[in-house]
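Residue numbers (our numbering), protein chains in the order written: chain A, 1 to 91; chain B, 92 to 240.
Positions of the beta carbon are idealized from the N, C-alpha and C atoms, including for glycine.
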Amino acid sequence: MPIKVRIPTPLQKLTNGKPEVECSAKNVAEMVDVLEKDYPGMKDRLSEGGKVRRFINIYVNDEDIRFMNKEDTALKDGDSISIVPAIAGGR
Amino acid sequence: MTRDEERAVALTIARHDLTTILDHCSAAYPNEACGILGGTNGRVGKVYPMRNVRPSPVSYEMDAAEQFRVMKDIRQAGLVLVGIFHSHISSPAYPSSVDVEQAYWPGTLFPNYPEAVYVILSLRDQGQPVIKGYLIRDGAVSDVPVNVE
Ligand SMILES: [Zn+2]
């Protein structure tokens, strides 16, 4: 069973409108590379200098990777990934 | 369906839900407060007051874990994200440049939550709070009336 990745609305232009895609990867960093191969432009949207962009939250089975091993967080078949833009602002 | 018909024409909120927003924002004063509005067809069904993890008079950021839980709760309740609210302490109820920037995916003009009405509650005059709604997308800020019932 592959890894399922929920794609947020602002990135669905890259996945031809698909709200969910599948992939296979050992960890989050590799997932970003695999997504980039299938959906060019994804890597730049998700990361900057190898790190997940600020204001972008990635969850593995409901757990924020920031509180696991960040980009090194291990993935396995059947995992469910969510990519969620932060809600913030000011003044 | 034309682009115009897709746009929220108004956000309707019950008076007790408006009170929940006011109370949450007043409690956080003089820092900004924030929250999420779940509902259907432009009508607020549930107010989620949220924690501000960057509390100051000029900033807010939702707690990521709480945001994730709330969005799941909204989906499971058969609702959608109809609004995102926050307070302004010393400025009018209009999106700031930071508010606009943060409404889009970093470095793009793709709105993060295109269907959500951005609701701003100004407490510049605490005795007379002002609440207004906006869509922030397509590189523009457009007014959405907030109707209280
Ligand atoms: Zn603001």
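Does residue i pass the burial test, meaning 16 or more other C-beta atoms within 10 Å, or should it be called exposed?
i       : result
G41(A)  : exposed
Y139(B) : buried
R94(B)  : Below a pLDDT of 50, predicted positions are generally treated as unreliable, and R94(B), at 49, falls in that range; the measurement from the model is reported next regardless. Burial call: exposed.
N143(B) : buried
A101(B) : exposed
N238(B) : exposed
A155(B) : buried
N69(A)  : exposed
H177(B) : buried
Q158(B) : buried
N57(A)  : buried
P85(A)  : buried
F201(B) : buried
E96(B)  : Reliability of the predicted coordinates at E96(B) is poor, the pLDDT of 45 falling under 50, and no value is obtained from them.
I227(B) : buried
P2(A)   : exposed
S82(A)  : buried
D229(B) : exposed
N132(B) : exposed
By the criterion of Cβ-Cβ separation under 7 Å, what are the contact partners of residue i in chain A?
i       : result
Q217(B) : Within chain A, no residue comes near Q217(B); the closest Cβ sits about 17 Å away, beyond 7 Å.
P202(B) : P10
Whose Cβ in chain A lies nearer than 8 Å to the Cβ of residue i?
i       : result
I175(B) : I87
H179(B) : R91
D190(B) : G89, G90, R91
Name the one or two DSSP bridge partners that residue i has.
i       : result
E152(B) : A88(A)
E36(A)  : In DSSP, E36(A) forms no bridge with anything.
I222(B) : L212(B)
G129(B) : K137(B), L172(B)
V232(B) : I227(B)
Quick one: list the residues of chain A neighbouring residue i, beta-carbon separation under 9 Å, in chain order.
i       : result
S187(B) : G89, G90, R91
Y151(B) : I87, A88, G89, G90
H115(B) : Going along chain A, no residue has its Cβ under 9 Å from H115(B), so there is no contact; the nearest lies around 15 Å.
Could you name the residues of the same chain whose beta carbon sits closer than 7 Å to that of residue i, not counting the 5 residues immediately before and after it, in chain order?
i       : result
T15(A)  : I7, V21, Y39
A207(B) : L172, V173, G174, I175
G89(A)  : none
C125(B) : M141, N143, Y151, M153, F176, H177
R53(A)  : L46, S47
T110(B) : none
In chain order, what residues of the same chain lie with their CB nearer than 8 Å to the CB of residue i, ignoring the 5 residues before and after it?
i       : result
D66(B)  : Outside the modelled stretch of chain B, which goes from 92 to 240, sits residue 66(B), for which no answer is possible.
M92(B)  : Note that M92(B) scores a pLDDT of 41, beneath 50, so its modelled location is shaky and nothing firm can be said.
P146(B) : A119, N122, E123
D33(A)  : A25, K43
V150(A) : For chain A, the structure presents residues 1 to 91; residue 150(A) sits outside this window and is missing.
I180(B) : Y120, P121, N122, E123, P148, V149, L214, R215
Would you mind telling me which residues of chain B sit closer than 8 Å to residue i, beta carbon to beta carbon, in chain order?
i      : result
R53(A) : P197
R6(A)  : Result: empty, since nearest Cβ-Cβ is about 11 Å, beyond 8 Å.
T15(A) : Correct list: empty, because the minimum Cβ distance to chain B is about 13 Å.
Report all residues from its chain with a CB closer than 6 Å to the CB of residue i; omit the five preceding and five following residues, and keep chain order.
i       : result
V232(B) : P186, Y225
V221(B) : A184, S213
V161(B) : I127, Y139
What does residue i touch in chain B if you count any residue whose Cβ is under 9 Å from its own?
i      : result
K18(A) : What K18(A) touches in chain B: nothing, since even the nearest Cβ is about 15 Å away.
I65(A) : By Cβ distance, chain B contributes nothing, its closest Cβ being about 10 Å from I65(A), past 9 Å.
I56(A) : W196, P197
Residue i touches chain B at which residues, Cβ-Cβ below 7 Å?
i      : result
Y59(A) : F159
Counting pairs of beta carbons, one from the region 195-206 of chain B and one from the region 2-18 of chain A, are three or more of them closer than 8 Å? yes
Taking contact to mean 3 or more Cβ pairs, one atom from each stretch, closer than 8 Å, check whether the region 163-174 of chain B and the region 70-78 of chain A are in contact. no
Residues with a Cβ closer than 5 Å to any heavy atom of ligand 2, in chain order? Judged by which ligands are present, ligand 2 is missing from the structure shown, whose ligands are ligand 1.
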